[in-house]
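Protein chains in written order, with numbering that gives the first Met the number 0: chain B, 0 to 223; chain F, 0 to 223. Note that CB positions come from ideal geometry on N, CA and C, so glycine has one too.
2 protein chains.
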Amino acid sequence: MEIQIRLNPNLYLKDPEQSELGRNIIKHSIEMIHELGFESFTFKKLAANINTTEASVYRYFENKHRLLSYIINWYWTWMEYQFNFYTGNVKNPVQNINILISLLVFELDDQFISSHISKDKLYNIVTSESNKLYFTHHVEEDNQARMFKPYKDLCHRISLVFNEYNTSYRFSHSLASTLVETAHHQQFFARYLPSLTDFDKRKIKTELKAFLSHMAFSMLDNKK
Amino acid sequence: MEIQIRLNPNLYLKDPEQSELGRNIIKHSIEMIHELGFESFTFKKLAANINTTEASVYRYFENKHRLLSYIINWYWTWMEYQFNFYTGNVKNPVQNINILISLLVFELDDQFISSHISKDKLYNIVTSESNKLYFTHHVEEDNQARMFKPYKDLCHRISLVFNEYNTSYRFSHSLASTLVETAHHQQFFARYLPSLTDFDKRKIKTELKAFLSHMAFSMLDNKK
DNA sequence: CAATCATGATAGTAATACTATTATCTATAA
DNA sequence: TTATAGATAATAGTATTACTATCATGATTG
Numbered sequence: 000m001e002i003q004i005r006l007n008p009n010l011y012l013k014d015p016e017q018s019e020l021g022r023n024i025i026k027h028s029i030e031m032i033h034e035l036g037f038e039s040f041t042f043k044k045l046a047a048n049i050n051t052t053e054a055s056v057y058r059y060f061e062n063k064h065r066l067l068s069y070i071i072n073w074y075w076t077w078m079e080y081q082f083n084f085y086t087g088n089v090k091n092p093v094q095n096i097n098i099l100i101s102l103l104v105f106e107l108d109d110q111f112i113s114s115h116i117s118k119d120k121l122y123n124i125v126t127s128e129s130n131k132l133y134f135t136h137h138v139e140e141d142n143q144a145r146m147f148k149p150y151k152d153l154c155h156r157i158s159l160v161f162n163e164y165n166t167s168y169r170f171s172h173s174l175a176s177t178l179v180e181t182a183h184h185q186q187f188f189a190r191y192l193p194s195l196t197d198f199d200k201r202k203i204k205t206e207l208k209a210f211l212s213h214m215a216f217s218m219l220d221n222k223k
Numbered sequence: 000m001e002i003q004i005r006l007n008p009n010l011y012l013k014d015p016e017q018s019e020l021g022r023n024i025i026k027h028s029i030e031m032i033h034e035l036g037f038e039s040f041t042f043k044k045l046a047a048n049i050n051t052t053e054a055s056v057y058r059y060f061e062n063k064h065r066l067l068s069y070i071i072n073w074y075w076t077w078m079e080y081q082f083n084f085y086t087g088n089v090k091n092p093v094q095n096i097n098i099l100i101s102l103l104v105f106e107l108d109d110q111f112i113s114s115h116i117s118k119d120k121l122y123n124i125v126t127s128e129s130n131k132l133y134f135t136h137h138v139e140e141d142n143q144a145r146m147f148k149p150y151k152d153l154c155h156r157i158s159l160v161f162n163e164y165n166t167s168y169r170f171s172h173s174l175a176s177t178l179v180e181t182a183h184h185q186q187f188f189a190r191y192l193p194s195l196t197d198f199d200k201r202k203i204k205t206e207l208k209a210f211l212s213h214m215a216f217s218m219l220d221n222k223k
C-alpha cells in the first residue's frame, strides 16, 4: 500500500513531494542526519551529496531546522495513520493500548510504502533528534505556525484511547505525551547510557514494551 | 549554608570556581542562556557582556557545549546533594519519594547558597536545554569522559529509594530516569504546549506533583 | 627581583548559514 | 511551433560563528 503524506505547507517553501529533487532532498537528509547527527548536518554537505547546489535546497526549506521539522512531522503523521489503521476494527481498549506500544517501540511490520523514506533511519532520527524541535527559544512562534500539530494530534488520539479504557482518568494527555517520550528516550538510553535503564540492549524491544505497558496500565488502573 | 560544588575536571579547561572571571562566566552564561536560548548564545556575546574577550572565555571552556555541560552537571550534583540532605534523617521511603518529587518540581526552599548562581534561571535552563547534552552524535565519547556521571549518580540514588519502597521492583532505574525527565518535560509542555498535558499553568507545581506521585506509586505498587 | 601566570588586545581562519544574480533547460499552453 | 513560465544550476558574495595564535601587560608568588 503506497501512502502519500501531506503536510502543513508552513513546513516547507516548496513541497518536496512534488519533484524528483524534493524527494531526493528528503531521502538523503534522512540518511545524512542519521549518519552525521543533526548538528553536523549542513545544506552544503547535503547538496554535494545529491549533486545539486545549496541554493536549490534553500528553495525547498528555509533552513535545516525546518527540514528536520518536516521529516519528524512526517513521522508523527505516519504514526497516527498507522495507529488508526491498526485500531480501526478493534474495539477493545486494552488491545488498542498494546498496539500503540508496539508502534512506539517500532515493532510492527509496516504496511505502508513510501519509497524514498527509510523508516529505520527515520525512527532513529526521531529517537535522538525530535526533542530539538520544541526545546528552543522559538517554541511559541513555531507552535503558532502549527509545526507541532501532528504530534499534538497523535497525543490527543492516544488520550482518547486511555479514556476509553478508564473514563474517569484525569491524566490522559500527560500520560500520552510521557509514554511517547519515554518510549524514545528509554530506547536511546538503553543503547548509549544503559545505567539509566533496566534493559538489556539485545532484548530492548521486548523489555521496553513490558515497561511501557506496566507504566500505562499501572497508572490507568490505579483508582486512588 | 554555603556550598562549593566540585565538578569533574573533564568539564572545564580551567576551573571557573577559582577566579573572579570564571565565576562571572558561569553567572552570566546562566543569565544569557536563559534569555537567548542555547542556540543563540555565543562566547562572543558572553565576552561582550562581561567585558572580557572571547579568547579568555575559551581558556575556561573548550566550547559552549562544554560550558552548558558544566552548568547542568552543577545542577545534578546540587540536586543529589539536596536529596541526600533532606532524606538523610528520614527512614520512611514514602516520604523520601515525596521529597524527591518536591525537588524535581523545584518546590523546596533551597538551603544552600552559591552566590553567583541564579537557581531559578538554572532550573529553567535544565528543563529546556538538558536533553541537548546527551542527544548528540558524540554521546559515547562524552559518556566516556564521564560527562553524565552526576545525572547517572542521581538516577541511581533514586532507584535505591524505589527499591527500599519495593524490594522486588524490576524497573527502578528506568522509572528513575523517566520520572526525572517527565518532571522537566511536563513543566515545559504545560507552559508552551499545554495540550500535551492536563495541567493548569497557574497550578503547575501542585498538579505536576500529583501526576508524578501518581506515576511513581502506581508503578511501584503494581504487584503484577 | 625574577619568574610565571592570568588576562587583555588584536588578528586571522575555516566553516556555517544564508542571499542574490544570471544562465540554462524543460514542460506546456497559445 | 513558438513563447514563456517555472525550475534548477552555476557562481559569487556577506555576516556570523567557532575557533586558534601571538604578543603585551599587569598581578602574584617564591
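* **Cβ neighbours of L195 (chain B) in the same chain (closer than 6 Å, five flanking residues each side left out)** => Position 196 of the first sequence, counted from the first residue, corresponds to residue 195 (chain B). Correct list, in chain order: F188.
* Unbroken stretches of the alpha helix (DSSP H), 4 residues or longer, contained in the stretch 123 to 160 of chain F -> 130 to 133, 138 to 143
* Asked: Which one or two residues does DSSP pair with I112 (chain F) in a beta bridge?
  -> Residue numbering aside, residue 112 (chain F) sits at position 113 when the second sequence is read from its first letter. In the DSSP secondary-structure assignment, I112 (chain F) is bridged to F:E1.
* To do: Would you mind giving the Cβ-Cβ distance between S212 (chain F) and I100 (chain F), rounded to the nearest angstrom? I have them listed as a contact below 8 Å.
  => In the second sequence, the residue the question calls residue 212 (chain F) occupies position 213. In the second sequence, the residue the question calls residue 100 (chain F) occupies position 101. Yes, they are in contact, since the Cβ atoms of S212 (chain F) and I100 (chain F) sit about 5 Å apart, within 8 Å.
* **Contact set for L102 (chain B): own chain, Cβ-Cβ below 8 Å, skip 5 residues either direction** => Numbered from its first residue, the first sequence carries residue 102 (chain B) at position 103. M78, Q81, F82, Y85.
* Presumed contact (8 Å Cβ cut-off) between E128 (chain B) and F37 (chain B), rounded CB distance -> By one-based count along the first sequence, residue 128 (chain B) stands at place 129. By one-based count along the first sequence, residue 37 (chain B) stands at place 38. Between F37 (chain B) and E128 (chain B) the Cβ distance is about 5 Å, and since that is below 8 Å, they are a contact.
* To do: Report the residue from F:L67, F:E34, F:L20 whose alpha carbon sits nearest the alpha carbon of I49 (chain F).
  => Numbered from its first residue, the second sequence carries residue 49 (chain F) at position 50. Nearest of F:L67, F:E34, F:L20 to I49 (chain F), Cα basis: F:L20.
* To do: Check whether the Cβ atoms of K43 (chain F) and E53 (chain F) lie closer than 7 Å to each other.
  => Counted from its first residue, the second sequence places residue 43 (chain F) at position 44. Counted from its first residue, the second sequence places residue 53 (chain F) at position 54. In this structure, E53 (chain F) lies closer than 7 Å to K43 (chain F) by Cβ.
* To do: Would you mind telling me which residues of chain F sit closer than 7 Å to Q186 (chain B), beta carbon to beta carbon, in chain order?
  => Start at 1 with the first residue of the first sequence, and residue 186 (chain B) comes out as number 187. Q186 (chain B) does not reach chain F, its nearest Cβ partner there being about 11 Å away, counting only Cβ pairs nearer than 7 Å.
* Rounded C-beta distance between S113 (chain B) and I29 (chain B)? I'm assuming under 8 Å. -> The residue labelled residue 113 (chain B) in the question sits at position 114 within the first sequence. The residue labelled residue 29 (chain B) in the question sits at position 30 within the first sequence. With 8 Å as the limit, S113 (chain B) and I29 (chain B) do not qualify as a contact, their Cβ atoms being about 11 Å apart.
* **Closer than 7 Å to chain B by CB, S127 (chain F)** => Here residue 127 (chain F) corresponds to residue number 128 of the second sequence, with the count starting at 1. It does; some Cβ of chain B falls within 7 Å.
* **Residue of F:A46, F:K26, F:T51, F:T41 minimising C-alpha distance to H64 (chain F)** => On the second sequence, residue 64 (chain F) is found 65 positions in, with the first residue counted as 1. If we check each option's Cα against that of H64 (chain F), F:T41 comes out closest.
* Same chain only: Cβ atoms within 6 Å of S158 (chain F), ignoring 5 sequence neighbours per side -> The residue you call residue 158 (chain F) lines up with position 159 of the second sequence. These residues qualify, in order along the chain: S171, H172, A175.
* Asked: For H184 (chain B), which of F:T177, F:D119, F:K200 has the nearest alpha-carbon?
  -> Translated into the one-based positions of the first sequence, residue 184 (chain B) becomes position 185. Cα-wise, what sits closest to H184 (chain B) is F:T177.
* To do: Put G87 (chain F) into one of helix, strand or coil per three-state DSSP.
  => In the second sequence, the residue the question calls residue 87 (chain F) occupies position 88. Correct three-state label for G87 (chain F): coil.
* To do: Check each residue of the stretch 20 to 43 of chain B: if its Cβ is closer than 7 Å to any Cβ of chain F, include it; give the result in chain order.
  => L35, G36, E38, S39
* Asked: Is there a Cβ from chain B that is less than 7 Å from the Cβ of T166 (chain F)?
  -> The sequence position of residue 166 (chain F) within the second sequence is 167, counting from 1. Judged by the 7 Å Cβ criterion, T166 (chain F) is not in contact with chain B.
* Asked: What span of residues does the alpha helix (DSSP H) with G21 (chain B) cover, start to end?
  -> By 1-based counting over the first sequence, the position of residue 21 (chain B) is 22. Here the alpha helix (DSSP H) through G21 (chain B) covers 19 to 35.
* **Contact the stretch 89 to 100 of chain B vs the stretch 151 to 168 of chain B: 3+ CB pairs below 8 Å** => yes
* Which residue comes first and which comes last in the alpha helix (DSSP H) that contains K43 (chain F)? -> Locating residue 43 (chain F) in the second sequence gives position 44, where the first residue counts as 1. Residues 42 to 48.
* Compare the C-beta of L103 (chain B) against all C-beta atoms of chain F and say whether one is closer than 7 Å. => Counting from 1 along the first sequence, the entry for residue 103 (chain B) is found at position 104. No, L103 (chain B) does not count as interfacial toward chain F.
* The alpha helix (DSSP H) spanning E53 (chain F) covers which residue range? -> The sequence position of residue 53 (chain F) within the second sequence is 54, counting from 1. Residues 53 to 57.
* Reference H27 (chain F); option with closest CA among F:V56, F:P8, F:L107 -> Along the second sequence, read from residue 1 onward, the residue named residue 27 (chain F) stands at position 28. Nearest option by C-alpha distance: F:V56.
* **Cβ shell of K225 (chain F) (< 8 Å), same chain only, five flanking positions each side left out** => Past the edges of chain F, shown from 0 to 223, lies residue 225 (chain F), and the structure says nothing about it.
* To do: Report yes if the CB atom of W73 (chain F) is closer than 7 Å to the CB atom of I124 (chain F), and no otherwise.
  => The residue labelled residue 73 (chain F) in the question sits at position 74 within the second sequence. The residue labelled residue 124 (chain F) in the question sits at position 125 within the second sequence. W73 (chain F) is not a Cβ neighbour of I124 (chain F), given a cutoff of 7 Å.
* To do: Count the other CB atoms, across all protein chains shown, that sit within 10 Å of the CB of P15 (chain B); report buried if there are 16 or more and exposed otherwise.
  => As a working mapping, residue 15 (chain B) is identified with position 16 in the first sequence. Its Cβ being crowded by 16 or more others within 10 Å, P15 (chain B) is buried.
* Asked: Skipping 5 residues on each side, what residues in its chain have a beta carbon closer than 8 Å to that of A215 (chain B)?
  -> In the first sequence, counting from the first residue as 1, residue 215 (chain B) sits at position 216. So the list reads I96, I100, F161, L174, L178, once near-sequence residues are dropped.
* Asked: Out of curiosity, what's the CA-to-CA distance linking D109 (chain B) and A47 (chain F)?
  -> As a position in the first sequence, residue 109 (chain B) is number 110, starting the count at 1. As a position in the second sequence, residue 47 (chain F) is number 48, starting the count at 1. Answer to the nearest angstrom: the Cα atoms are 53 Å apart.
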